[in-house]
Each structure stands twice: as structure tokens, then as C-alpha cells.
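Residue numbers (our numbering): 191 to 272.
Just so you know, even glycine gets a beta-carbon here, dropped at the ideal spot from N, CA and C.
A quick note: this is a predicted structure, and the numbers were derived from the prediction, not measured.
Remarks on the structure that follows.
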Amino acid sequence: MRLAAGGRFPPHTHPDTRYTTVLSGTLYVGFGERVDETAVVAVPAGAIYEAPAGVPHWVWARDGDVEYQESGVAPTATRLLR
């Protein structure tokens, strides 16, 4: 995945646990059904974060472009929370 500087992926869940490796940039991750810019965790290039199955989360390329790779176990899906 690629997020341009300032880009976001809104709150969502997956039925499987997801592991995300940040390939370049710093990805900011928030957990919860609503975006709270004050409650994010910075995940720098080379780091991995885990989003447990069914747990709402969202991501943000706050400081610049970000590339990351997600992996999980099939069957999978993404459910946006709106």
C-alpha cells in the first residue's frame, strides 16, 4: 500500500489479525472507531505493528509519503466503520 503525505485510511476492521510492515516513511496508527489525532502511535520504516482481528483501527501518513505491506490469513476482508 502507498499513502501520500497527509493521506489516511479511515477506521476499519478485519476478521483476521493483520501484521503491517512499514517499508518507507512513518505510519501513524490509531485504534478505535473514531479518528483521534492525539492518540496515535508512530511506526517507523522497518517496524511492524499488529492489528488484532475485529479491533477497529486507522492509519495516517502524517509526516510524508508512506509505503507499507499488510499480511493476514485468508479468508479476509476490510469493513469500513462509518
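*May I have the straight-line CA-CA distance separating His202 from Thr268, to the nearest angstrom?*
Within the sequence shown, the letter at position 12 stands for residue 202. Within the sequence shown, the letter at position 78 stands for residue 268. Whole-angstrom Cα-Cα distance: 7 Å.
*Under the rule that 16 or more other beta-carbon atoms within 10 Å means buried, what is Thr210, buried or exposed?*
Here residue 210 is taken as the residue at index 20 of the sequence shown, counted from 1. Per the 10 Å Cβ criterion, buried.
*Grouping DSSP H, G and I as helix and E and B as strand, with all else coil, what is Leu193?*
Numbered from its first residue, the sequence shown carries residue 193 at position 3. Correct three-state label for Leu193: strand.
*Assuming Ala195 and Ala251 make a contact with CB atoms under 8 Å, what is their CB distance in whole Å?*
Your numbering for residue 195 matches position 5 in the sequence shown. Your numbering for residue 251 matches position 61 in the sequence shown. Confirmed, about 6 Å.
*Just checking my contact of Glu223 with Leu271 at CB under 8 Å: how many whole Å lie between their CB atoms?*
Counting from one through the sequence shown, the residue named residue 223 turns up at place 33. Counting from one through the sequence shown, the residue named residue 271 turns up at place 81. Rounded, the Cβ-Cβ distance is 5 Å, consistent with contact.
*Looking only at its own chain, which residues have a Cβ that is under 8 Å from the Cβ of Gln259, when we skip the five neighbours before and after it?*
Mapped onto the sequence shown, residue 259 falls at position 69. Excluding positions up to five away in sequence, the list reads Met191, Thr210, Thr211 and Leu213.
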